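Residue numbers (mature numbering (1 follows the signal peptide of the UniProt record, and there is no 0)): -22 to -1, 1 to 125.
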């Protein structure tokens, strides 16, 4: 290979590498992550700095790799945004109380109502006095909210 050909080859890679990596999010960068599923509930995940690109990539992976490509479904509801590697999705947790003032914390949920219902159900299932379980929405907090 001549010196001129090597130089063209070198400059080609200098120009193409930033273009190839421009749409690839870093491990701690800001990006969208979208999930596509088929009828067997098999999931394909894709990431991109753009939501629509992430949806299309996940959908494309499903169409190419699923045993049932016609059943692939993509939705913006199955996407979440990450800032510096941390999700921006709400993470609600509520606390139910019983007569003995025992706290019963829910798991994390996307909606406050779901977290409240889960906390009450957890109290009803585990409290020694389940008839006294109650939930006050003031005990609910979004753990992903900046302080």
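No residue lacks a Cβ here, since even glycine has one placed at the ideal position from N, Cα and C.
Keep in mind that this is a model prediction, so the values were computed, not measured.
Close Cβ partners of residue 110 (< 7 Å) along its chain, the five nearest in sequence each way excluded: Here residue 110 corresponds to residue number 132 of the chain shown, with the count starting at 1. Excluding residues up to 5 positions away in sequence, 76, 77 lie with their Cβ nearer than 7 Å to the Cβ of residue 110 in the same chain.
The beta strand (DSSP E) enclosing residue 55, as first and last residue numbers: For the purposes of this step, residue 55 is taken as residue 77 along the chain shown, with counting starting at 1. Here residue 55 belongs to no beta strand (DSSP E), and DSSP marks it neither H nor E.
Test item: CB-CB of residue 99 and residue 118 under 8 Å: Your numbering for residue 99 matches position 121 in the chain shown. Your numbering for residue 118 matches position 140 in the chain shown. No, Cβ-Cβ distance for residue 99 and residue 118 is not below 8 Å.
Pairwise C-alpha distance: residue 72 and residue 50: As a position in the chain shown, residue 50 is number 72, starting the count at 1. As a position in the chain shown, residue 72 is number 94, starting the count at 1. Rounded to whole angstroms, residue 50 to residue 72 spans 34 Å at the Cα level.
Residue environment, residue 116, which counts as buried when at least 16 other CB atoms sit within 10 Å: On the chain shown, position 138 is the one that residue 116 refers to. By the neighbour-count rule (16 or more Cβ atoms within 10 Å), residue 116 is not buried but exposed.
Assigned exposure category for residue 97 - 16 Cβ within 10 Å defines buried: To locate residue 97, count along the chain shown from 1; it is residue 119. By the C-beta density criterion, residue 97 is buried, having at least 16 other C-beta atoms within 10 angstroms.
Run of the beta strand (DSSP E) containing residue 33, from where it starts to where it stops: Your numbering for residue 33 matches position 55 in the chain shown. Unbroken run through residue 33 is the alpha helix (DSSP H), 29 to 43; no beta strand (DSSP E).
Nearest-angstrom Cα separation, counted from residue 38 out to residue 28: The count along the chain shown starts at 1 and reaches residue 28 at position 50. The count along the chain shown starts at 1 and reaches residue 38 at position 60. Rounded to the nearest angstrom, the two C-alpha atoms are 15 Å apart.
Whether residue 26 touches residue 35 by CB criterion (8 Å): Locating residue 26 in the chain shown gives position 48, counting from the first residue. Locating residue 35 in the chain shown gives position 57, counting from the first residue. Yes, these two residues count as a Cβ contact at 8 Å.
Residue of 53, 17, 70, 74 minimising C-alpha distance to residue 32: Against the chain shown, residue 32 aligns to sequence position 54. It is 53.
Residue span of the alpha helix (DSSP H) that contains residue 100, given as start and end: For the purposes of this step, residue 100 is taken as residue 122 along the chain shown, with counting starting at 1. Per DSSP, residue 100 belongs to the alpha helix (DSSP H) from 90 to 104.
Contacts around residue 60, its chain only, beta-carbon distance under 6 Å, and the 5 residues preceding and following it disregarded: Residue mapping note: residue 60 aligns to position 82 of the chain shown, counting from 1. Result list for residue 60: 9, in chain order.
For residue 108, three-class secondary structure by DSSP: On the chain shown, residue 108 is found 130 positions in, with the first residue counted as 1. In this structure, residue 108 counts as helix in the three-state DSSP scheme.
CB-CB length for residue 57 against residue 11, believed under 8 Å: As a position in the chain shown, residue 57 is number 79, starting the count at 1. As a position in the chain shown, residue 11 is number 33, starting the count at 1. Contact flag correct, Cβ pair sits at about 7 Å.
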